[in-house]
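Chains as they are written, first to last, in our numbering: chain A, 3 to 95; chain B, 3 to 95.
A virtual CB, placed ideally from N, CA and C, is assigned to each residue, including glycine.
Notes for the one structure printed next.
Number of protein chains: 2
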Amino acid sequence: MTGDNSIFIGNKPFMNYVTGVVMQFTTKGAKEVTVKARGKFISRAVDVSEVAAKRFLEESVNVKGIAINSEEFVNKEGKQVRVSTIEITLERK
Amino acid sequence: MTGDNSIFIGNKPFMNYVTGVVMQFTTKGAKEVTVKARGKFISRAVDVSEVAAKRFLEESVNVKGIAINSEEFVNKEGKQVRVSTIEITLERK
Chain A
3 MTGDNSIFIG
13 NKPFMNYVTG
23 VVMQFTTKGA
33 KEVTVKARGK
43 FISRAVDVSE
53 VAAKRFLEES
63 VNVKGIAINS
73 EEFVNKEGKQ
83 VRVSTIEITL
93 ERK
Chain B
3 MTGDNSIFIG
13 NKPFMNYVTG
23 VVMQFTTKGA
33 KEVTVKARGK
43 FISRAVDVSE
53 VAAKRFLEES
63 VNVKGIAINS
73 EEFVNKEGKQ
83 VRVSTIEITL
93 ERK
């Protein structure tokens, strides 16, 4: 379910992601942008969303919705593991 | 806005928080429990909510709502800093 307007958060420099979100709304004219992350990057996804929405796009976007979920998979050692996910959808006001 | 049914996530052992959430719903009969965290503990708050709701209380609670926000304060060095926050509200079905 990865649309064109999704930003997936990993360990690149923080401002890369903020710029990515801001540019989707400004340069590309997106109406919605979804910030996605798994596991330890969830905190970072919240930071990116907050900084993009409040510091860079103030007054023009807000949080439309936030969903959390779990993904289960079998790791290299054959063990069943669970990881949390988050999707934060920002929308133009 | 810390009600009686809030669990604030920090660096105690993970299962302490899961048990805390589960017991609010079972032993204490709460209708809603809010899991709160700041900064790097946000990922953990999502993990606690997911494990409590899906593994321990399966079918009986779901996510009612999730709010993210920012807090600004002046740190020890006199510098203005921003920290993200999350509040995940679980409700009995």
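A contact is defined here as three or more CB-CB pairs under 8 Å, and the region 43-50 of chain B fails this definition with respect to the region 13-31 of chain A. Linking residue 17(A) to residue 74(A) through their CA atoms gives a straight-line distance of about 30 Å. Ranking 95(B), 88(B), 39(B) and 87(B) by CA distance to the CA of residue 56(B) puts 95(B) first. As a beta-bridge residue in DSSP terms, residue 38(A) pairs with 10(A) and 89(A). Put simply, the backbone Cα of residue 86(B) is about 4 Å away from that of residue 72(B). Cβ-Cβ separation between residue 88(A) and residue 48(B): approximately 6 Å, consistent with a contact (criterion under 8 Å). Between residue 70(B) and the set 79(A), 84(A), 92(A) and 80(A), the nearest pair of CA atoms involves 92(A). Residue 71(B) carries a strand assignment under DSSP once its states are collapsed to helix, strand and coil.
Counting only the Cα atoms, residue 11(B) lies some 23 Å from residue 78(B).
Our two residues, residue 7(B) and residue 39(B), have alpha carbons roughly 14 Å apart in a direct line. Counting only the Cα atoms, residue 68(B) lies some 18 Å from residue 34(A).
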